[in-house]
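Chains as they are written, first to last, in my numbering: chain A, 1 to 483; chain B, 484 to 879; chain C, 880 to 1129.
Now the structure itself:
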């Protein structure tokens, strides 16, 4: 697949540079601004949660109050006023819609405009979608079909009510409430997100995906996703994210927890395209996300693939705790920053079990006045007999006003474990650019082609439909960076 | 670059008040997160009092330090091109040192706070015979604070053989600044072979001007806790810096090799190679940062660290870091941690070499590799403590 | 009308003048060869013609089909039909050969307001053209020029030339690094492209390529100027006597 001529046309077509910047005009039900125990009680009540969930949230809130905003990342932003945010906003609906026919047509149109039609017959065959709009899930498709094979795919707010034993057993078991500042905040105020349960031995018959949309002004989105893959099961899960174009910054603080049992595999892919702010760095999403998977079972596998092109600030380290012997962790990342964007992203691979292996491939592209940091941790614990890690971090600079940084931490406490790390920083060579130009390609097309080549190792990990989309996004994100 | 004029007295007084205020680093300081110096922090050290009697027969180009205190200057003898005076009498160089000491550097402040005087050494022509700096330590609970500032004038060159040795349970905190003027060259070989009961926290600052070459090579074999930090600033074009280090840790020793290279000018090159071996319950960190400023185009920055772990209780930490703001650069780092290569071991054994001998051979090859390209006498002078360490490992 | 007209061309790299007044006219269907020793400005000429950044034209003009190309960027010149076969084709890691070739072909077609080429038909076209040049399918699947031998890179340049159907092709030291067999295949490739109206400029240090690609005109370049022009016998003369005599004349 090439993102050549088509990308250029896409760029031309996009009215404004960010084509998802529109706002859906819809009546909303929202919490007053500010965060206190009442806000949390209100969210919990709105979701009709059992008492234990409320208590869990309140405990997280108490922990959060005692914590400080982390300052170790290479990110600069003014202090966030946590009292100036709405913690709950939902389109007004009489009841939770039972079928798509009951969903507000305005919402359906929004998702159509985003390229995510929710009517099952119109959808990409084989992809089930959970659509989360601000603080609520508005629709989850193909649920019945999935239920036939025992797969549970529903909003987490619903799972708390319908499958409390599963949620109770796993929520916070990978990312504890007090794990970090943003995880604690999320644990207190999370509103919706997806819940996935794949029973023993089941290969999920279709791709699952969640599409996150922030719409309302001055709201934060705090989604929480929990995926459990029982022994010998497999699931591929995708998430996409967009938000309207606004002058103020909006906060997105998600928590994603994955658990794999013996021989299970979760493949988790993200195409993150939150509104990045304008050329001058005005507006954009602050994306503070904690994603972590626990490979609890032997020979289980968790693979993170991310293409990060959006957000004013990205703070995100999808990680793997490799507990089960022979378990496998993977992290494939492309992070593109342009204009005034800042990204500090990477992964943690904690090797606990014997014969565990991990692979980290990170491709950072900085353009404009942006800063792009890879931050990673590889840790071999004493029991990680014969464990292996391979890390490759490459940074590409486009223009001389941006920054590319690499901050890996490596610790080994087992002599039989082997860690290999390589990192390079370079730019698109003039030779490469000229070669493409001489073959008739315009500069932007040539840059897009070369950058996509640079990212190839990561892009090939994405499911096909998303790879094409992601390639286009990278081209669009770099628009105006060479000139 | 002209600095504010700061006397040595003022410099140490300022450092002393900063030290009184800030105290010792802790693992909350990012630069110290892997190196636990509680043992040093909780010990009481008294700065060395000793003054050194003149030597009866001083050798050319050899300076002796006992617990950081040097022999009288008029008792030293040097080849042409080496000029030595008390740092308190050279405000140009005390000012240069004041400007070079990093902000908020707690170890630098400690070193200066108790320094009584230092040496200001100017090199104004190529000097063939190496300058030997012999630091001998003794006694318990004594802290040593040698301070040296070198200025290598344009076109001048020098080789330094710097050795830290001795007994007791003291702490050595040497602080050195090397100012390399245009086209200057310094070969700086260091071996840290203090007794396993000692502590060493050293800081080397290197300021390089156009076309200068700094070649720093270190073998760190001694001390209970040993840290060597080097900060290089490449402030004019076409300068080159080489930082090579071998660290050897066993028992419960802590080893810390920290470097920072600031590329502040275009067309400069930096190369770092760090190989370490850890046995028993030793713990080590190599942390190296390369920062390339926006105007430092055509920078070539290269760093490779490799660690061999020989024991199940040892711990190796590596934090190589790149911070890059210029686009036309070639920067890379690599890091590996692991044990001896099975294939190599098998190959040697299949040729009839015993496993122990084969391991020893491979460890030695791995370590000597870092200094193998050096000229004599530095090469042999640095290989010796490596061989010594390997030999003592086998016999114990 | 001449196809390519180089008039009193002066060009510098930085402050250093390299080309010092080149005049050359190439008509449709003509093959011209420029020969010269190292440092005479041969590669500079090819880069200046193709419009590479960093090469400044200080005087004179370059016209393709009567139109000055000086104000055109490298990609515009390429789409106008100017093709450069590089002396050292650069590697493009991760960039698949097929998508690269299709991107280049489509860039032209879009400008000509033609539909983008059909993907399946294109693969077939490329395979056929590649087969003629002895390029294996496996090479087409790899990233552009990555891991290619010197000879493979040169064949790949000629393949691109075949697919892009230029008006004016410049071959910069296409013979360097080729053994005799490869040289023959590449030359056949070039000769096969010779249609009625294509112009070819062969830049070479050695005569031997001209045994395979027979030039209508030969020019000797020395110190940034054409010091002598003639027919193909001039090339043989150079082969015998070397460049010494010509340089003294310059």
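Note that beta-carbon positions come from the ideal geometry of N, C-alpha and C, so glycine has one too.
Query                                                                                                                    : Result
Member of 457/A, 412/A, 477/A and 107/A whose CA lies at the smallest distance from the CA of residue 352/A              : 412/A
Among 53/A, 104/A and 51/A, nearest to residue 28/A - alpha-carbon criterion                                             : 104/A
Environment of residue 1023/C [buried if 16+ CB atoms lie within 10 Å]                                                   : buried
Reference residue 1106/C, options 1016/C, 884/C and 1124/C, closest by Cα                                                : 1124/C
Buried/exposed call for residue 464/A, threshold 16 Cβ in 10 Å                                                           : exposed
Beta-carbon proximity check, residue 404/A vs residue 364/A, cutoff 8 Å                                                  : yes
Closest Cα partner of residue 21/A within the set 238/A, 243/A, 128/A and 176/A                                          : 243/A
Of the residues 1101/C, 881/C, 901/C and 1043/C, the one placed nearest residue 979/C, counting alpha carbons only       : 1043/C
Inter-residue spacing [alpha-carbon to alpha-carbon] between residue 1080/C and residue 997/C                            : 32 Å
DSSP three-state assignment for residue 801/B, whether helix, strand or coil                                             : strand
Selection from 50/A, 425/A and 118/A that minimises the alpha carbon distance to residue 781/B                           : 425/A
Extent of the continuous beta strand (DSSP E) run through residue 692/B                                                  : From DSSP, residue 692/B is part of no beta strand (DSSP E); its letter is neither H nor E.
Minimum Cβ-Cβ distance from residue 954/C to chain A less than 8 Å                                                       : yes
Nonlocal neighbours in the same chain, by C-beta distance under 6 Å from residue 7/A, ignoring five residues either side : Residue placement at residue 7/A is flagged as unreliable, the pLDDT there being 42, under the threshold of 50; a coordinate-derived value is accordingly withheld.
Alpha-carbon spacing of residue 464/B relative to residue 542/B, whole angstroms                                         : Coverage of chain B is limited to positions 484 through 879, which leaves residue 464/B absent and any answer about it impossible.
Cβ contact (3+ pairs, closer than 8 Å) linking the region 226 to 234 of chain A and the region 163 to 181 of chain A     : yes
Three-pair Cβ contact test at 8 Å for the region 658 to 669 of chain B versus the region 680 to 692 of chain B           : yes
Selection from 731/B, 707/B and 611/B that minimises the alpha carbon distance to residue 872/B                          : 731/B
Neighbour flag for residue 407/A against chain B, beta carbons, 8 Å                                                      : yes
Contacting positions in the region 689 to 713 of chain B - beta carbon closer than 7 Å to chain A                        : none
C-beta contact flag for residue 670/B and residue 592/B at 8 Å                                                           : no
Beta-carbon proximity list for residue 1030/C, same chain, < 6 Å, skipping 5 on both sides                               : 1057 and 1061
Alpha-carbon to alpha-carbon, residue 769/B and residue 421/A                                                            : 14 Å
Closer than 8 Å to chain C by CB, residue 377/A                                                                          : no
Assumed close pair residue 212/A, residue 253/A - CB separation to whole angstroms, cut-off 8 Å                          : The Cβ separation is near 12 Å, so there is no contact.
Residue 608/B, buried or exposed, once every other Cβ within 10 Å from all chains shown has been counted against 16      : exposed
Whole-angstrom distance between residue 786/B and residue 648/B, CA atom to CA atom                                      : 29 Å
Under the three-state DSSP convention, the category residue 200/A falls into                                             : coil
Backbone CA spacing between residue 393/A and residue 788/B [nearest angstrom]                                           : 16 Å
Distance, residue 974/C Cα to residue 454/A Cα                                                                           : 8 Å
Assigned secondary structure, residue 470/A (DSSP; H/G/I helix, E/B strand, else coil)                                   : helix
Assigned exposure category for residue 556/B - 16 Cβ within 10 Å defines buried                                          : exposed
Any 3 or more C-beta pairs closer than 8 Å across the region 723 to 743 of chain B and the region 695 to 702 of chain B  : yes
Any chain F beta carbon closer than 8 Å to residue 816/B                                                                 : Judged by its chain identifiers, the structure shown contains no chain F, and its protein chains are A, B and C.
Members of the region 401 to 433 of chain A near chain C, C-beta cut-off 8 Å                                             : 429, 430, 431 and 432
Proximity of residue 151/A and residue 197/A at Cβ, strictly below 8 Å                                                   : yes
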